[in-house]
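Chemist: Before I ask anything, here is the structure I am working with.
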Amino acid sequence: MELDLFIRNLAWGDLRPETREMTRRCILDALGCSLAGVEAENFLALVKGIKKLDAGMESPVWGTEISMSLPWSIFLNSYTTAFFDMDDGHRLAQGHPGAAIIPAALCVADYLDSSGKAFLEAVAAGYEIAVRSALLMREMGGPRKGSGAWVVPGVAAAVSRLMNLDSKTILSSIGLAEYLSLQAPQDRSASFPSLMKEGLPWGAYTGYTAAFLASNGMSGMRPYLADSSLLNDLSERFEIEQVYFKQYACCRWAHPAIDGLNKMLEELGHREEEIDQISIRTFEKALLLNRRDPSNTMEAVYSIPFAVASYLVHGRLGPQEVSGKALQDERVADLSRRVTLRADSELTKLFPAKCLQQVEVIFKTGEQYKSVVLSAKGDPADPLTDDDLFAKFKTLAENRLPEKWQKIPKAVEALEDMNASELVGLLTGHLK
Numbered sequence: 022m023e024l025d026l027f028i029r030n031l032a033w034g035d036l037r038p039e040t041r042e043m044t045r046r047c048i049l050d051a052l053g054c055s056l057a058g059v060e061a062e063n064f065l066a067l068v069k070g071i072k073k074l075d076a077g078m079e080s081p082v083w084g085t086e087i088s089m090s091l092p093w094s095i096f097l098n099s100y101t102t103a104f105f106d107m108d109d110g111h112r113l114a115q116g117h118p119g120a121a122i123i124p125a126a127l128c129v130a131d132y133l134d135s136s137g138k139a140f141l142e143a144v145a146a147g148y149e150i151a152v153r154s155a156l157l158m159r160e161m162g163g164p165r166k167g168s169g170a171w172v173v174p175g176v177a178a179a180v181s182r183l184m185n186l187d188s189k190t191i192l193s194s195i196g197l198a199e200y201l202s203l204q205a206p207q208d209r210s211a212s213f214p215s216l217m218k219e220g221l222p223w224g225a226y227t228g229y230t231a232a233f234l235a236s237n238g239m240s241g242m243r244p245y246l247a248d249s250s251l252l253n254d255l256s257e258r259f260e261i262e263q264v265y266f267k268q269y270a271c272c273r274w275a276h277p278a279i280d281g282l283n284k285m286l287e288e289l290g291h292r293e294e295e296i297d298q299i300s301i302r303t304f305e306k307a308l309l310l311n312r313r314d315p316s317n318t319m320e321a322v323y324s325i326p327f328a329v330a331s332y333l334v335h336g337r338l339g340p341q342e343v344s345g346k347a348l349q350d351e352r353v354a355d356l357s358r359r360v361t362l363r364a365d366s367e368l369t370k371l372f373p374a375k376c377l378q379q380v381e382v383i384f385k386t387g388e389q390y391k392s393v394v395l396s397a398k399g400d401p402a403d404p405l406t407d408d409d410l411f412a413k414f415k416t417l418a419e420n421r422l423p424e425k426w427q428k429i430p431k432a433v434e435a436l437e438d439m440n441a442s443e444l445v446g447l448l449t450g451h452l453k
């Protein structure tokens, strides 16, 4: 199917039940991540700085009583969604579509007073174009680009759909999105993490800008994606169905090890204080996340030794375990120094289609145990249940919106019969 026709003609009622359900799941998951992200260590300083650039007040920042101009609201809502690295991801895209597409689509849907169904359709279209853009970037070669690069065409697609642009203007929108897309060097940012988090907030901002410029007469080049064989099965197969969800506030590359260690300790009846050494056999790229002394949240979520140690010490790994005083926890620091990563050629061959690890533990008694090779829970082959996702949302949202958080999952389920602005109304918090 032609790129522009797919974006224009996608109809919610024509989608498979599995695609519709996954779209709702992605929305709920992103909203929970965003509400938790308001606690980001530099959030208020960022708000203050942006207000010096732009004094607009037409679009709310979720979980707060702060309003911004529409582009900067998109930026900040994407920033909070991505901040603690609990947002959804896609294995082959090697990154995170939802943290840009959902904030951009919902902010625009609210601004335009779009229906909930229109918002759902925009999200489904945005994921599809974003993921296929990522696959095209990988196919074309060159340095690996992070999520902030390939979400730009996906955001532009979602916003174009909500703006009801014609075919010619949609192609300009996607062409401008590809033209303006970020560098967002993925490996470099994994080694030296930035609070910009893979460029996702700027990718969301840029994707909106591309659609806005196109809607006001700015022509764009013909998109590379429009002529790609990656569109051959467009509308027949939806990449949003291959999204994974995360249980822990850290890079996905640490999740198999955490799950494996958790299972091993439960089965053996051992505790973390009995551990002497941990060895993790993994794919080569994971060695980029081998720091042991994170100085801020972003360095913590991009540290496999820290993530593993923090989970074992605290029995959980959410926003609180990767921020503030938790970064100076001596028990976590001590255990993280005893975590070793080893690259394995066979696991490397399977990456990125599979994210696999094997853990070996030496206890202080001298006992040694090795896990089987594991993937992480939350992948499409081992999905989180509805109860799992609800529990995650509750954990992330209830402190920020104690009186309203329970209404949000119900609203997401009922989006087809309400306006998008009604959902946004539930997201307003008390932080000014």
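Residue numbers (our numbering): 22 to 453. The beta carbon of each residue, even a glycine, is placed where N, CA and C say it ideally should be.
(1) Reducing DSSP to helix, strand and coil, say where Pro136 ends up.
(2) Go ahead and pull the three-state DSSP assignment for Met22.
(3) Suppose the cutoff is 7 Å on Cβ atoms and the five residues either side in sequence are ignored; what does the same chain contact list for Ile114 look like?
(4) Measuring alpha carbon to alpha carbon, tell me which residue in Ala177, Leu410, Leu186, Glu62 is nearest Lys346.
(5) What residues in its chain sit with their C-beta under 6 Å from that of Met439, if we drop five residues either side in the sequence?
(6) Which residues in the same chain as Glu295 place their Cβ atom closer than 8 Å to its Cβ, once the five residues preceding and following it in sequence are excluded?
(7) To the nearest angstrom, how far is it from the Cα of Thr102 to the Cα of Arg421?
(8) Please classify Val393: is it buried, with 16 or more other beta-carbons within 10 angstroms of its beta-carbon, or exposed?
(9) If you pair each beta-carbon of the stretch 313 to 329 with each one of the stretch 265 to 278, do three or more pairs fall below 8 Å?
(10) Closest by CA to Ile279, which one among Asp25, Glu419, Gln378?
(11) Determine whether the beta carbon atoms of Leu308 and Ala374 lie at a separation below 8 Å.
(12) Are Phe105 and Val343 close, meaning C-beta to C-beta below 8 Å?
(13) Going by DSSP, what residue range makes up the alpha helix (DSSP H) through Phe259?
(14) Here's the rule I'm using: 16 or more other beta-carbon atoms within 10 Å means buried, otherwise exposed. How should Met158 be labelled?
(15) Note down, one range per segment and in chain order, each alpha helix (DSSP H) of at least 4 residues found wholly within the stretch 149 to 227.
(16) How far does the alpha helix (DSSP H) with Ala51 in it reach, from first residue to last?
(17) Please classify Tyr200 as buried or exposed, where buried requires at least 16 neighbouring CB atoms within 10 angstroms.
(18) In chain order, which alpha helix (DSSP H) runs of at least 4 residues are fully inside the stretch 87 to 121?
(19) Report the rounded CA-to-CA distance for Glu367 versus Phe304, giving the unit in angstroms.
(20) On a CA-only basis, which of Met43, Tyr226, Leu26 is nearest Thr406? Give me that one, please.
(21) My understanding is that Ser256 touches Phe27, with C-beta atoms under 8 Å, so please give their C-beta distance in whole angstroms.
(22) Give me the Cβ distance between Asp108 and Trp93, rounded to the nearest whole Å; I'm assuming they're in contact under 8 Å.
(23) What span of residues does the alpha helix (DSSP H) with Asp297 cover, start to end?
(24) If contacts are defined as beta-carbon pairs under 8 Å, then Gly224 and Gly169 qualify, I think. What distance do you get, rounded to the angstrom?
(25) Mapping the DSSP letters down to three states, classify Pro277 as helix, strand or coil.
(26) Does the beta carbon of Gln207 come closer than 8 Å to any beta carbon on chain D?
(27) Just mark Thr318 as buried or exposed, buried being the case when its beta carbon has 16 or more other beta carbons within 10 Å.
(28) For Phe372 versus Leu49, is the C-beta distance shorter than 8 Å?
(29) What residue range is occupied by the uninterrupted alpha helix (DSSP H) comprising Ala66?
(30) Ile301 and Val360: beta carbons closer than 8 Å?
(31) Looking at the structure shown, is Thr416 part of a helix, part of a strand, or coil, going by DSSP?
(32) Based on DSSP bridge pairs, tell me the residues matched to Lys370.
(33) I'd like to check one pair, Ser99 with Pro124: are the Cβ atoms closer than 8 Å?
(34) Could you tell me how far apart the beta carbons of Gly84 and Val59 are, in whole angstroms, since I believe they sit closer than 8 Å?
(35) Can you tell which of Gly119, Arg112, Arg182 has the C-alpha that lies nearest to the C-alpha of Ala143?
(36) Would you kindly work out how many angstroms separate the C-alpha atoms of Thr190 and Val176, rounded to a whole number?
Modeler: Quick answer:
(1) Position check: residue 136 holds Ser in this sequence, whereas Pro was assumed. Strand.
(2) coil
(3) With the sequence shown as reference, residue 114 is identified as Ala, and Ile is not the correct amino acid for it. Excluding sequence neighbours, Ala114 sits near Val152, Ala155, Leu156, Trp171.
(4) Glu62
(5) Excluding five sequence positions before and after Met439, the CB atoms of its chain that fall closer than 6 Å to its own CB belong to Gly137, given in chain order.
(6) Closer than 8 Å at Cβ, skipping near neighbours: Phe384, Lys385, Thr386.
(7) 14 Å
(8) exposed
(9) yes
(10) Gln378
(11) no
(12) A contact, by the Cβ cut-off of 8 Å.
(13) Note, Phe259: premise wrong, no alpha helix (DSSP H); not H, not E.
(14) buried
(15) 168 to 184, 188 to 201, 207 to 212
(16) Note, Ala51: alpha helix (DSSP H), 38 to 58.
(17) exposed
(18) Entirely contained in the stretch 87 to 121, the alpha helix (DSSP H) runs reaching 4 residues are, in chain order, 91 to 104.
(19) 8 Å
(20) Checking every option, the nearest Cα to that of Thr406 belongs to Met43.
(21) 6 Å
(22) So it is not a contact: roughly 20 Å between Cβ atoms.
(23) Run containing Asp297: none in the alpha helix (DSSP H); it sits in the beta strand (DSSP E), 296 to 303.
(24) 4 Å
(25) DSSP places Pro277 in helix when its eight states are reduced to three.
(26) Absent here is chain D; the protein component of the structure consists of one chain.
(27) buried
(28) no
(29) Taken as a continuous stretch (DSSP letters only), the alpha helix (DSSP H) holding Ala66 covers 64 to 74.
(30) Judged by beta-carbon spacing, Val360 lies within the 8 Å limit of Ile301, meaning their Cβ atoms are closer than that value.
(31) helix
(32) Residue pairing from DSSP leaves Lys370 without any beta-bridge partner.
(33) yes
(34) 4 Å
(35) Minimum Cα distance to Ala143 is reached at Arg182.
(36) 15 Å
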